[in-house]
Amino acid sequence: MEKHLIHITVNGHEYELYINPKTLLIEAIRDYIGLTGSKRGCETVSCGACTVIIEGMAVKGCSVLAMQADGLNVTTVEGLEQNGKLSAIQKAFLDEGAFQCGFCTSGMLMSAKAFLDENPNPTTHEIRDGIEGNICRCTGYNSIVRAMSSVAQGKYREE
Amino acid sequence: MIHDFTYFRPGTAKEALSLLAEHKDDCKVICGGQSLLIVMRQGLVATDNLIDIKRLEELNYIKFDSTEGLRIGATTTHRTIEKSPLVKEKYGVLVSMENRLASIQVRNWGTIGGNLAHGDAAGDPAPVLMALNASVKVGSAQKERVIPIDDFYVDLFETALEQDEIVLEVQVPVPAPKTATCYSKFNLLSSDQGIISVGASVTLDGNACKAVRIALGNAAATVMRAKKAEEILIGKTLSDALLEEAGQAAHDECEPVADIHASEEYRRHLVKVFTKRMVKQAWEQASKA
Ligand SMILES: Cc1cc2nc3c(=O)[nH]c(=O)nc-3n(C[C@H](O)[C@H](O)[C@H](O)COP(=O)(O)OP(=O)(O)OC[C@H]3O[C@@H](n4cnc5c(N)ncnc54)[C@H](O)[C@@H]3O)c2cc1C
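The listed protein sequences derive, respectively, from chains A and B.
For the first sequence, the working numbering begins at 1 and goes up steadily by one.
For the second sequence, the working numbering begins at 1001 and goes up steadily by one.
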C-alpha cells in the first residue's frame, strides 16, 4: 500500500495530509486534523452524525474517502462560528433547545445549514425532508424544525 | 477494517479502462462509494486495487435530443438528476423517484452509474428505467456496447458487466405519444429502500392500451418485468376488473424473498396493490397526455 499526499481545506485552513488511501474523510478530520466536532456514529451512512459540507453539499463523512476530498473545501461544525459569533442556525438551535444529548447536533447543524443555503424559504414539509438523513433520538425533531423555520423566517438576520 | 488497497485516480475514462484491463483480476471501481464503502468496511468486499472514477467529468452530463432521447453520464449524481429542469420537464418520473432515494447526503455524492452497477434489486432507478425502456452503455478498453436494461441484471447483486467494463451512460428513449410512466415504492420511512416497488409505463391508442411495461423492484433476486400482467393489459380498455386481473398476474409471477421487512406473501400482496395503482395512474395520465 502506497500512502498519498493530499490537501484539504477545512473551515478555510489548508491541511496537508499524508495518508493511507483507505482513510475515510471523517477519520481525516477527527484523527489527523484534530477537529472532533463531527461524530462517528453508525458508520453505515444511516445516522448522519458525521455530516460535513463539501463544496456546498452536505455529505456523510463516513462514506467518502479522504482522497475524494483532495483539493476541495470542507466545512465542519467548527466552521460555523465566525469571529467568535455563533451562526444563525446555531443561535436558533440554542433558543429552541434543539438538542438533548447533542450527539446528532454537529451533523444536524451541517445538514440544516446546507439545506437553508440552498432553499432559503422552505415549507415545514421541505424542512423535514431536508433533515431526513439525520437521526435524532432525543428531541422528536420538532424543536429542530422550529429552529430551522425561525432562521428561514429571518429571525437571526443581521442588520 | 477496510482491506489495504492501491489507489488510482485516472484523469480520463480511457485511462480508467486501461487500468481496469491491467488489474481486472483484483480490482474494484469506486464512484460515490455510498454503497461500496459500506461493504468494504464490513469485509464483504476486499480488493488490492481501487480505481476512483468519481471525478471523471467527461461522464458527468445530462443531455436530451428529440430523436435520441435522454443520455445521463455514469458519474452524474442523484442530486444533479433530481434538480435538472430538463429531466423534470421530459421525464418527471425520474425526478420524483430521485427525490425519495435515500437522503440528501447520499444523493449529493452517490451516482446513477454506481447505483445501477451495484445491482441491488431494491434500487429505485432500475425499475423506473426499465419501465422507460432504457439501456445501459458500458465500455472496456477494447469496445463499447449497449445493453437493454431488461438484460442488465443477471442475479442477486450480479450484472451483465464484464470484469474489465464500466457503466458509461444511461440511455432513455423518447416516449411514444400518449405515454405516461409512474413509479412508487412501499416503505415505512419515505427515504428507505422499498419493501417492493413498481414502475409502469402505459401507451394508449384511443382508449385502448397499445403498449405497457411494468417493472417490479425487490420482488425477486433482480428487478424484473411483469410480462404476464403486461399481456393482460394489451389491447384492453381500463376497468377495475382488468386492473385486478393484471395485479393478480404480477402477484403470481414475481418471486419475492422473505426478509426482516416483509414475508413473501406480504410482498406478493404489495406487488398486486402497487401494480394496480401504478398502471391506473399511468393510464389516466396517458389519456390526458
Ligand atoms: C443509507 C442509504 C440509503 C439508501 N437508499 C437507497 C434508496 O432508497 N434507493 C436506492 O436506489 N439506493 C439507495 N441507496 C444506495 C445508493 O444510493 C446507491 O447505490 C449509490 O448511489 C451508488 O452510487 P455510488 O456512486 O455511491 O456507487 P459506489 O458505492 O461507488 O459503487 C457501487 C458499486 O458499483 C460499482 N460501480 C460504481 N460506478 C461504476 C461504474 N460507472 N461502472 C461500473 N461499476 C461501477 C462499484 O464497483 C460498486 O460495486 C442507499 C444507500 C445508503 C447508504
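From the three backbone atoms N, C-alpha and C, an ideal C-beta is built for every residue, glycine too.
Since this is a predicted model, take the numbers as computed values, not measurements.
**Minimum C-alpha distance to B:E1158 - residue among B:R1071, B:A1117, B:E1231, B:T1047** = By one-based count along the second sequence, residue 1158 of chain B stands at place 158. Ranking B:R1071, B:A1117, B:E1231, B:T1047 by Cα distance to B:E1158 puts B:A1117 first.
**Sheet register partners of B:T1179 (DSSP bridge)** = Within the second sequence, residue 1179 of chain B is the residue found at index 179, counting from 1. In DSSP, B:T1179 forms a bridge with B:T1203.
**Item:** beta-carbon A:C164 near ligand 1 non-hydrogen atom, thresh 7 Å
**Value:** Residue numbering for chain A in the displayed model covers 1 to 159; residue 164 of chain A lies beyond these limits and cannot be assessed.
**Asked** Between the beta-carbon of A:S63 and the beta-carbon of B:G1092, is there less than 8 Å?
**Response** Within the first sequence, numbered from 1, the residue matching residue 63 of chain A stands at position 63. Within the second sequence, numbered from 1, the residue matching residue 1092 of chain B stands at position 92. No, the pair does not count as a contact, with Cβ atoms beyond the cut-off.
**Message:** Closer than 7 Å between beta carbons: that is the criterion. Which residues of the segment 64-87 of chain A meet it against chain B?
**Reply:** V64, L65, M67, Q68
**Request:** From the DSSP output, in three-state form, read off A:H4 for me.
**Result:** Counting from one through the first sequence, the residue named residue 4 of chain A turns up at place 4. In this structure, A:H4 counts as strand in the three-state DSSP scheme.
**Prompt:** Along chain A, which residues have their Cβ under 8 Å away from the Cβ of B:D1052?
**Reply:** Here residue 1052 of chain B is taken as the residue at index 52 of the second sequence, counted from 1. Simply L65, M67, Q68.
**Item:** Coil, strand or helix - B:V1106 by DSSP
**Value:** Position 106 of the second sequence, counting from 1, holds the residue named residue 1106 of chain B. The answer is helix: DSSP assigns B:V1106 an H, G or I state.
**Prompt:** ligand 1 heavy atoms versus the CB of B:H1078: any closer than 7 Å?
**Reply:** Along the second sequence, read from residue 1 onward, the residue named residue 1078 of chain B stands at position 78. For ligand 1, at least one heavy atom lies less than 7 Å from the Cβ of B:H1078.
**Item:** Cβ-based neighbour list, B:S1018, same chain, cut-off 6 Å, excluding 5 preceding and 5 following
**Value:** In the second sequence, the residue the question calls residue 1018 of chain B occupies position 18. Around B:S1018: A1141.
**Reduced DSSP secondary structure (H/G/I, E/B, other) of A:Q82** = The residue you call residue 82 of chain A lines up with position 82 of the first sequence. Strand, per DSSP.
**Message:** Against chain A, does B:W986 count as a neighbour if the rule is that its beta carbon must be under 8 Å from one of theirs?
**Reply:** Outside the shown range of chain B, which is 1001 to 1289, sits residue 986 of chain B, and nothing can be said about it.
**Same chain, Cβ closer than 6 Å to B:D1052, five either side skipped, listed in chain order** = For the purposes of this step, residue 1052 of chain B is taken as residue 52 along the second sequence, with counting starting at 1. For B:D1052, where only same-chain residues beyond five positions count, the Cβ hits under 6 Å are R1009, I1030.
**Message:** Taking 7 Å as the cut-off, is the beta-carbon of A:C104 closer than that to any non-hydrogen atom of ligand 1?
**Reply:** Here residue 104 of chain A refers to the residue found at position 104 when the first sequence is read from its first residue. A:C104: no, Cβ never under 7 Å from ligand 1.
**Asked** Where do the ends of the alpha helix (DSSP H) carrying B:E1165 lie?
**Response** Taking the second sequence and counting its residues from 1, the one referred to as residue 1165 of chain B is at position 165. B:E1165 -> no alpha helix (DSSP H), and no H or E assigned at all.
**Asked** Alpha carbon to alpha carbon, how far is B:R1079 from B:G1110?
**Response** Walking along the second sequence from the start, residue 1079 of chain B turns up at place 79. Walking along the second sequence from the start, residue 1110 of chain B turns up at place 110. If you take the alpha carbons of B:R1079 and B:G1110, they lie about 8 Å apart.
**Cβ of B:T1343 within 8 Å of any chain A Cβ** = The structure shown has nothing for residue 1343 of chain B, since chain B only spans 1001 to 1289.
**Message:** Is any non-hydrogen atom of ligand 1 found closer than 7 Å to the C-beta of B:N1060, if you look at the structure I gave you?
**Reply:** Along the second sequence, read from residue 1 onward, the residue named residue 1060 of chain B stands at position 60. Not under cutoff, so the answer is no.
**Asked** What is the residue span of the beta strand (DSSP E) that B:F1064 lies within?
**Response** Sequence index remark: in the second sequence, residue 1064 of chain B carries index 64 (1-based). First-last of the beta strand (DSSP E) with B:F1064: 1062-1065.
**Message:** Using CA atoms only, rank isn't needed, just tell me which of B:F1064, B:A1221, B:P1173, B:E1144 is closest to B:M1130.
**Reply:** Mapped onto the second sequence, residue 1130 of chain B falls at position 130. That would be B:P1173, whose Cα lies nearest to the Cα of B:M1130.
**Message:** Residues of chain B with CB closer than 7 Å to the CB of A:K22, please, in chain order.
**Reply:** By one-based count along the first sequence, residue 22 of chain A stands at place 22. Within chain B, the residues near A:K22 are I1002, D1004, F1005.
**Asked** Are there 16 or more other CB atoms within 10 angstroms of the CB of B:M1097, so buried, or fewer, so exposed?
**Response** Walking along the second sequence from the start, residue 1097 of chain B turns up at place 97. The residue in question, B:M1097, is buried, as its Cβ has 16 or more Cβ neighbours within 10 Å.
**Asked** At a Cβ threshold of 8 Å, is B:I990 touching chain A?
**Response** Not covered by the structure: residue 990 of chain B. The range shown for chain B is 1001 to 1289.
**Request:** For B:V1146, count neighbouring C-beta atoms within 10 Å of its own C-beta (all shown protein chains included) and say buried if the count is 16 or more, exposed if not.
**Result:** Residue numbering aside, residue 1146 of chain B sits at position 146 when the second sequence is read from its first letter. By the neighbour-count rule (16 or more Cβ atoms within 10 Å), B:V1146 is not buried but exposed.
**Request:** Express the C-alpha separation of B:G1114 and B:E1144 in angstroms, rounding to a whole number.
**Result:** Working through the second sequence from its first residue, we reach residue 1144 of chain B at position 144. Working through the second sequence from its first residue, we reach residue 1114 of chain B at position 114. Taking the straight line from one Cα to the other gives about 18 Å.
**Request:** Mark B:T1067 as exposed unless 16 or more other C-beta atoms lie within 10 angstroms of its C-beta, in which case mark it buried.
**Result:** Here residue 1067 of chain B refers to the residue found at position 67 of the second sequence. Exposed.
**Item:** B:G1123 CB to nearest heavy atom of ligand 1 below 7 Å
**Value:** Counting from 1 along the second sequence, the entry for residue 1123 of chain B is found at position 123. Yes, the Cβ of B:G1123 comes within 7 Å of a heavy atom of ligand 1.
**Prompt:** Taking only beta-carbon atoms, is B:G1033 less than 8 Å away from chain A?
**Reply:** Mapped onto the second sequence, residue 1033 of chain B falls at position 33. Yes, because at least one Cβ of chain A sits closer than 8 Å to the Cβ of B:G1033.
**Message:** At 4 residues or longer, what runs of the alpha helix (DSSP H) sit wholly inside the segment 1211-1245 of chain B?
**Reply:** 1227-1233
**Message:** Going by the DSSP bridge assignment, what does A:A58 pair with across the sheet?
**Reply:** Walking along the first sequence from the start, residue 58 of chain A turns up at place 58. Answer is A:I53.
**Item:** Sequence ranges, alpha helix (DSSP H) only - wholly within the segment 1006-1037 of chain B, length at least 4
**Value:** 1013-1023
**Prompt:** If you measure beta-carbon to beta-carbon, which residues of the segment 1100-1118 of chain B are closer than 7 Å to chain A?
**Reply:** S1103, I1104, Q1105, V1106, N1108, W1109
**Item:** Cβ-heavy atom distance, B:C1031 to ligand 1, below 7 Å
**Value:** As a position in the second sequence, residue 1031 of chain B is number 31, starting the count at 1. Yes, Cβ of B:C1031 sits closer than 7 Å to a heavy atom of ligand 1.
**Asked** B:D1252 by DSSP, collapsed to three states: which one?
**Response** By one-based count along the second sequence, residue 1252 of chain B stands at place 252. Helix at B:D1252.
**Message:** For A:V74, report the span of its alpha helix (DSSP H) as first-last.
**Reply:** In the first sequence, residue 74 of chain A corresponds to position 74, counting from 1. First-last for A:V74: 73-75, but that is the beta strand (DSSP E), not the alpha helix (DSSP H).
**Message:** What would DSSP say about A:Y32, mapped onto helix, strand or coil?
**Reply:** Walking along the first sequence from the start, residue 32 of chain A turns up at place 32. A:Y32 falls in the helix class under three-state DSSP.
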